[in-house]
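Chemist: Counting the sequence shown from 1 gives a position; our numbering is that position plus 5. I have a structure here, written as structure tokens, and I will follow up with some questions on it.
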Amino acid sequence: MRLVLLGPPGAGKGTQASVIVREYNIPHISTGDIFRDNIKRGTELGKKAKEYMDKGLLVPDDLVVSIVRDRIAEADCKGGFLLDGFPRTVSQGEALDEELERISLGLDKVINIDVEKEILLQRAMGRRVCRDCGATYHVEFSPPKEEGICDTCNGELFQREDDKVETVEQRIKVYNEQTEPLIDYYTRKGLILNVDGSKSIDEIFEKISQSLQG
Ligand code: ADP
Ligand code: ADP
Ligand code: ZN
């Protein structure tokens, strides 16, 4: 299964991704996670990406596309993959199509998680992420058993630098301008699966897995 998760910042892409990849046994490719990992390790790529991420802007296409191209060529992607947060521009979508065409493959579905702005702000502002394993929590909607500590690995939970209100507002604006056109792009290809992201985490997953089976 080759899948893409589309949706505004804070919609719940990462949360759904972690359940979908377990169900389908495919790798979870999150470009945001790849950048955050590079920032943590202090790489050149991390330094460049951070400048954009801290401002709520997209990292330039040329930096993102080559990473994804290399990643989907790896052996563990032979049986499929889930892209989370990529593509984010029509030009990235076209680059992905070209690459998949080159290796005679196509996408199976593009899952579009739709959530209104008020909820996005609440979700992003309360998001907490594990420093060690990357697991995502929410202080109100999906809290860890013990405050500030990851349930699975006991790692420390932190708030992402770009989850402050001004930066989230900016990211939503960038999403509307640069990413939303991809909904049309994939609708025309007959790949879009629209999901109401205002529902609970379990209900959304239920809907997605039903539609993928059907
Ligand atoms: P994205 O990857 O789209 O930015 P996340 O999966 O990180 O979004 O979710 C953003 C925040 O909202 C996290 O704190 C997560 O725990 C919480 N969350 C995700 N899905 C839901 C949901 N359906 N209902 C309530 N909170 C949710
Ligand atoms: P969210 O889960 O809130 O949607 P991500 O973790 O996917 O956020 O992305 C965080 C930031 O990383 C983005 O605001 C952007 O700066 C950068 N980024 C991630 N993926 C891409 C991409 N495909 N193209 C450009 N920038 C990206
Ligand atoms: Zn953890």
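Ideal placement from N, C-alpha and C gives every residue a C-beta, glycine not left out. Being a predicted model, the structure only gives us computed values, none of them experimental.
#1: Name the DSSP bridge partner or partners of Val40?
#2: From Ile188 to Met58, what distance separates their C-alpha atoms?
#3: Which residues does DSSP list as the beta-bridge partners of Val200?
#4: Can you check whether the CB of Arg193 is closer than 7 angstroms to the CB of Phe163?
#5: So who's on the other strand from Phe86, going by DSSP bridges?
#6: Take Ile108 and list the residues in its own chain whose beta-carbon comes closer than 8 angstroms to its own, dropping the five residues that flank it on each side.
#7: CB Leu3 to CB Pro92, shorter than 7 angstroms?
#8: In chain order, what residues of the same chain lie with their CB nearer than 7 angstroms to the CB of Ile44, ignoring the 5 residues before and after it?
#9: Between which residues of its own chain and Pro148 is the CB-CB distance below 8 angstroms, once the five residues before and five after are set aside?
Modeler: Based on what the coordinates show:
#1: Residue 40 sits at position 35 when you count from the first residue of the sequence shown. Per the sequence presented here, residue 40 reads as Phe, with Val not at that position. Looking at the DSSP assignment, Phe40 forms no beta bridge with any residue, so it has no partner.
#2: Locating residue 188 in the sequence shown gives position 183, where the first residue counts as 1. Locating residue 58 in the sequence shown gives position 53, where the first residue counts as 1. Taking the straight line from one Cα to the other gives about 23 angstroms.
#3: Within the sequence shown, numbered from 1, the residue matching residue 200 stands at position 195. DSSP, once it has assigned bridges, lists Ile118 as partnering Val200.
#4: As a first step, residue 163 is located in the sequence shown; it is residue number 158 there, counting from the start. As a first step, residue 193 is located in the sequence shown; it is residue number 188 there, counting from the start. No.
#5: Along the sequence shown, read from residue 1 onward, the residue named residue 86 stands at position 81. Beta-bridge analysis with DSSP links Phe86 to Arg7.
#6: Looking up residue 108 in the sequence shown gives position 103. For Ile108, where only same-chain residues beyond five positions count, the Cβ hits under 8 angstroms are Ala78.
#7: This structure gives no information on residue 3, because the portion of the chain shown stretches from 6 to 219.
#8: Sequence index remark: in the sequence shown, residue 44 carries index 39 (1-based). Result list for Ile44: Gly51, Ala54, Lys55, in chain order.
#9: Taking the first residue of the sequence shown as position 1, residue 148 is located at position 143. Residues of the same chain with a CB within less than 8 angstroms of the CB of Pro148, apart from the 5 flanking positions on each side, are Tyr142 in chain order.
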